[in-house]
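Residue numbers (our numbering), protein chains in the order written: chain A, 39 to 227; chain L, 432 to 691. Glycine included, each C-beta is placed from N, C-alpha and C at the ideal position. Below is one structure; the comments refer to it alone.
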Amino acid sequence: MSSNIKPLVALGLTAMGAALVVNFKVAEPTTVAAVPTASTTTSAASTTTQATTTQATTSQTSTAQATVAPTATTPTSTSSGSSSSSSGATYADGSYTGTAVNEPWGTFQVQVTISGGQVTAVTLVSAPTDRHSNSINSYAVPQLTQEALAAQSAQIDMVSGATWTSQSYTTSLQAALDDAAAAQQQTAG
Amino acid sequence: MPRLPNSRRPVSAMAYLTAALMGTTVSIDVRDEDVDRAALVIAVEVLHDIDERFSTYRDDSEISRLDRGELALHDASADVREVLVACARLKAESGGAFDAYRDGHLDPSGYVKGWAADRAADALRAGGARNFALNLGGDVVCSGERAPGEPWRIGIRHPDDPRRVMLVLAVRNGAVATSGLYERGAHVTDARDGTAADAWRSLTILATDLTTADSLATAALARGTDGPAWAAARMGCDVAALDADDRLFTTPGITAARVA
Chain A
39 MSSNIKPLVA LGLTAMGAAL VVNFKVAEPT TVAAVPTAST TTSAASTTTQ
89 ATTTQATTSQ TSTAQATVAP TATTPTSTSS GSSSSSSGAT YADGSYTGTA
139 VNEPWGTFQV QVTISGGQVT AVTLVSAPTD RHSNSINSYA VPQLTQEALA
189 AQSAQIDMVS GATWTSQSYT TSLQAALDDA AAAQQQTAG
Chain L
432 MPRLPNSRRP VSAMAYLTAA LMGTTVSIDV RDEDVDRAAL VIAVEVLHDI
482 DERFSTYRDD SEISRLDRGE LALHDASADV REVLVACARL KAESGGAFDA
532 YRDGHLDPSG YVKGWAADRA ADALRAGGAR NFALNLGGDV VCSGERAPGE
582 PWRIGIRHPD DPRRVMLVLA VRNGAVATSG LYERGAHVTD ARDGTAADAW
632 RSLTILATDL TTADSLATAA LARGTDGPAW AAARMGCDVA ALDADDRLFT
682 TPGITAARVA
């Protein structure tokens with residue numbers, strides 16, 4: 039996984055209140071990635087350092103989905119970004135397709151659009167269509183997208199309050215953002 | 432914060448970690464230049480360990496074994512005993528609105544989440560982190576600053592619309608937890624009569640630690656109409672509450688911390 043998972047917090051993609059799990063039970067892969075950043079300055083096009091990723095050490099399962107096993111992600115990130123960059127931006131303009139994350143029930147993939155160095159849209163390229171996933175798609179994806187767009191303009195570090203989450207969504211989004219950052223780096227470098 | 436889309440921030444995160452666990456997501460953002468990344472990994476391990484012992488979804492957790500009567504309370508781990516004693520205290524203090532026994536089963540998760548995040552924050556501090564924010568399932572604990580001279584900025588989402596934040600709080604050392612009625616309807620019930628807690632659409636507690644903030648947010652929401660006043664009477668607790676008519680009530684500490 040080309041994993042520089044940092045912007046997830048920047049985007050305020052946080053979480054689902056634990057109590058909500060009662061209504062919404064899902065088996066999720068456990069992904070841990072710790073990433074150091076090399077840059078402490080605003081001129082963002084900074085370095086991407088190596089990430090350590092540990093997967094599927096445990097799975098958070100619950101009643102209905104208890105037999106569903108988590109699967110590892112497949113790093114097949116593709117980029118269709120053309121970069122017209124603004125200096126100081128982190129991301130090069132363009133559209134970036136994130137990692138196709140294989141879940142037991144299908145494939146999850148998002149595309150981000152960067153304009154003027156900012157994320158302006160996140161769209162779902164591919165998503166599983168079973169009943170469980172449809173509920174994720176209809177609730178979680180719009181919310182995560184809206185949060186991502188809101189948080190970057192509001193200069194917020196963290197968001198308090200229950201939100202839906204999908205690890206697959208965030209994984210795919212992260213890969214797309216990594217590509218956008220890499221494209222910007224190339225341009226800047 | 433690293434790699435902001437509109438990177439106007441003076442300082443990037445020095446280490447960042449996100450992980451899925453406990454049925455939710457944890458994000459840890461550390462701003463200390465000399466941060467040891469191992470501290471973040473250890474903090475997540477702390478959460479995993481707590482999940483293993485406290486999860487009601489795991490048949491072999493201490494909580495599940497206690498619930499089935501296979502484990503006696505005096506044989507449980509010190510952490511489990513501490514949490515259950517705290518739950519009993521909160522039940523008494525909330526007049527029974529908060530109760531770790533639901534539908535006859537032991538379920539202290541309304542207390543455990545905030546408590547677990549505090550334990551993870553302890554692990555970060557023990558690992559030398561001083562300036563960090565940790566978000567576990569929408570509950571946030573902050574230490575130090577996001578950048579020299581700048582407090583952390585914590586948004587409180589609007590219950591209707593995740594695109595909107597109701598307010599933004601500037602927090603240095605403190606914790607913010609929000610309970611509310613979201614799209615899927617009530618998830619907190621008043622244990623006294625089993626009714627949905629719907630007097631307040633969203634209730635946020637700002638406190639010195641997340642154990643307090645999270646458990647009081649749940650308990651105050653369950654209490655109903657007097658919940659915010661009840662929580663605000665607690666030492667070091669401030670409250671922001673949105674009522675059914677979308678009127679926002681805040682205590683002075685919230686007003687002081689509010690930046691947007």
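Beta-carbon neighbours of residue i, restricted to chain L and to distances below 8 Å
i, result
"residue 131 (chain A)", "Near residue 131 (chain A) there are no residues of chain L at all, since even the closest Cβ is about 11 Å away, more than 8 Å."
Residues sharing a beta bridge with residue i, DSSP
i, result
"residue 573 (chain L)", "L:564, L:605"
"residue 633 (chain L)", "L:611, L:673"
"residue 689 (chain L)", "L:600"
"residue 159 (chain A)", "A:151"
"residue 537 (chain L)", "L:532"
"residue 508 (chain L)", "According to DSSP, which records beta bridges pairwise, residue 508 (chain L) is partnered with nothing at all."
"residue 164 (chain A)", "A:147"
"residue 638 (chain L)", "L:606"
"residue 198 (chain A)", "L:587"
"residue 128 (chain A)", "DSSP lists no partner for residue 128 (chain A)."
Residue i: contacting residues in chain L (beta-carbon distance under 7 Å)
i, result
"residue 160 (chain A)", "Result: empty, since nearest Cβ-Cβ is about 11 Å, beyond 7 Å."
Three-state secondary structure (DSSP) of residue i
i, result
"residue 664 (chain L)", "coil"
"residue 585 (chain L)", "strand"
"residue 547 (chain L)", "helix"
"residue 578 (chain L)", "strand"
"residue 643 (chain L)", "helix"
"residue 210 (chain A)", "helix"
"residue 387 (chain L)", "The structure shown has nothing for residue 387 (chain L), since chain L only spans 432 to 691."
"residue 683 (chain L)", "helix"
"residue 460 (chain L)", "strand"
"residue 455 (chain L)", "strand"
"residue 139 (chain A)", "strand"
"residue 219 (chain A)", "helix"
"residue 487 (chain L)", "coil"
"residue 134 (chain A)", "strand"
"residue 225 (chain A)", "helix"
"residue 649 (chain L)", "helix"
"residue 466 (chain L)", "coil"
"residue 553 (chain L)", "helix"
"residue 523 (chain L)", "helix"
"residue 657 (chain L)", "coil"
"residue 503 (chain L)", "coil"
"residue 495 (chain L)", "helix"
Proximal residues of chain A, C-beta to C-beta of residue i below 7 Å
i, result
"residue 564 (chain L)", "195, 196"
"residue 670 (chain L)", "Those do not exist, as residue 670 (chain L) stays about 13 Å from chain A at its closest Cβ, beyond 7 Å."
"residue 607 (chain L)", "198"
"residue 553 (chain L)", "The premise fails here: residue 553 (chain L) is roughly 18 Å from chain A at the closest Cβ pair, so nothing lies under 7 Å."
"residue 587 (chain L)", "198, 199"
Chain-ordered neighbours of residue i on chain A, where CB pairs are closer than 8 Å
i, result
"residue 583 (chain L)", "195, 196"
"residue 633 (chain L)", "199"
heavy atom of the ligand MG below 7 Å from residue i C-beta
i, result
"residue 664 (chain L)", "For the ligand MG, the structure offers nothing, since it holds no ligand at all."
Contact list for residue i against chain A, beta-carbon separation under 9 Å
i, result
"residue 577 (chain L)", "195"
- Message: With three or more beta-carbon pairs closer than 8 Å as the criterion, would you say the region 559-574 of chain L touches the region 630-646 of chain L?
- Response: Judged by Cβ distances under 8 Å, the region 559-574 of chain L makes contact with the region 630-646 of chain L, as three or more pairs qualify.
- Should the region 513-521 of chain L be regarded as contacting the region 541-549 of chain L, the criterion being three or more beta carbon pairs within less than 8 Å? These segments touch.
- Would you call the region 586-605 of chain L and the region 669-681 of chain L touching, i.e. three or more CB-CB distances under 8 Å? Short answer: they touch.
- Message: So, does the region 629-638 of chain L touch the region 499-512 of chain L, judging by three or more C-beta pairs under 8 Å?
- Response: The region 629-638 of chain L and the region 499-512 of chain L do not touch, with fewer than 3 CB-CB distances between them shorter than 8 Å.
- Task: Would you check if the region 496-507 of chain L and the region 556-565 of chain L touch, i.e. whether three or more CB-CB distances between them fall below 8 Å?
- Result: As far as the Cβ criterion goes, the region 556-565 of chain L does not touch the region 496-507 of chain L, which means the pair count is below three.
- Message: Any contact between the region 652-661 of chain L and the region 572-588 of chain L? By contact I mean 3 or more CB pairs, one from each, below 8 Å.
- Response: The region 652-661 of chain L vs the region 572-588 of chain L: no contact.
- Query: Does the region 525-534 of chain L touch the region 474-486 of chain L, meaning 3 or more C-beta pairs lie closer than 8 Å?
  - Reply: Using a C-beta cut-off of 8 Å, the region 474-486 of chain L makes no contact with the region 525-534 of chain L, since fewer than three inter-stretch Cβ pairs fall below that distance.
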